[in-house]
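**Student:** Residue numbers (our numbering): 21 to 155.
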Ligand SMILES: CC(C)(COP(=O)(O)OP(=O)(O)OC[C@H]1O[C@@H](n2cnc3c(N)ncnc32)[C@H](O)[C@@H]1OP(=O)(O)O)[C@@H](O)C(=O)NCCC(=O)NCCS
C-alpha cells in the first residue's frame, strides 16, 4: 500500500535517491547536494509517496496558495511507475495549493503524460535563464 506525506521533515539523500531512480535525475542538479537542499527547503508544497519505509515519489512545488502553483519536479521511481502515484501526487499538490492553477514545464519523457492526466497545454511559456539578461 502506498502512503503519502505532506511534510518537509525529509532526509535529503532519500529525496535525491528518488530523482536518481527515474529519468528526472540527469535533468536536476542531483550532484549538487547544497542546491538540492535549497530546492527542498524553499519549496512551498512537497508531497512524498512511500512504499513502507521507501520513498518512491516526490512532488515539489512553489506556490502562493491562491493564484499559481508551479509544479517544479514530479518524480516516481521507475520501479513504481504506472501505479497511479504520479496522479495522486498531482491531486494532493493541487489540493494543497487551494484555488491556485497548477503550472509546469514537462520533461521530454513526460510530454504525453500531462495531457493524458488532464492538463491543458499553454502555447506561450517563457523563460529567462540564469545569466540571461532583460534587454
Ligand atoms: C511522469 C511520471 C511522474 C508519471 O508518474 P506515474 O506514477 O508513473 O504515473 P501514473 O501512474 O499516475 O499514470 C497515470 C496515467 O498516465 C499514464 N502514463 C504514465 N507515464 C506516462 C508517460 N510518460 N507518458 C504518457 N502516459 C503516461 C499511465 O499509463 C496512466 O494511464 P491510465 O490512467 O490511462 O492507466 C513518472 O513516469 C516519472 O517520474 N517519470 C520520470 C520523471 C519525469 O519525467 N517527471 C516529470 C517531470 S516534468
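C-beta atoms are modelled at their ideal positions from N, C-alpha and C, and glycine is treated no differently.
Since this is a predicted model, take the numbers as computed values, not measurements.
Could you check what DSSP says for residue 122 in three-state terms: helix, strand or coil?
**Tutor:** Looking up residue 122 in the chain shown gives position 102. Residue 122: strand per DSSP, three-state reduction.
**Student:** Scan the region 40 to 126 and note each continuous beta strand (DSSP E) run of 3 residues or more that stays entirely inside, going in chain order.
**Tutor:** List check, beta strand (DSSP E) in window: 65 to 71, 74 to 83, 88 to 96, 121 to 123.
**Student:** How would you label residue 144, buried or exposed, when you count the other beta carbons within 10 angstroms and need 16 or more for buried?
**Tutor:** Within the chain shown, numbered from 1, the residue matching residue 144 stands at position 124. Residue 144 should be labelled exposed.
**Student:** Have a look at 118, 24, 122 and flag the residue whose alpha-carbon is nearest the alpha-carbon of residue 76.
**Tutor:** Here residue 76 refers to the residue found at position 56 of the chain shown. Measuring from the Cα of residue 76, the nearest candidate turns out to be 24.
**Student:** Considering only the alpha carbon of each residue, which of 134, 92, 22 lies closest to residue 44?
**Tutor:** The count along the chain shown starts at 1 and reaches residue 44 at position 24. For residue 44, the nearest C-alpha among the options comes from 92.
**Student:** At a threshold of 7 Å, does residue 81 count as lining ligand 1 (C-beta to nearest heavy atom)?
**Tutor:** Locating residue 81 in the chain shown gives position 61, counting from the first residue. No; taking the cut-off as 7 Å, the Cβ of residue 81 has no heavy atom of ligand 1 nearer than that.
**Student:** When the Cα atoms are used, what is the spatial distance from residue 33 to residue 148?
**Tutor:** For the purposes of this step, residue 33 is identified with residue 13 of the chain shown, where counting begins at 1. For the purposes of this step, residue 148 is identified with residue 128 of the chain shown, where counting begins at 1. Approximately 29 Å between the Cα atoms of the pair.
**Student:** Going straight from the alpha carbon of residue 124 to that of residue 42, what length do you get?
**Tutor:** Here residue 124 refers to the residue found at position 104 when the chain shown is read from its first residue. Here residue 42 refers to the residue found at position 22 when the chain shown is read from its first residue. Roughly 18 Å separates the two Cα atoms.
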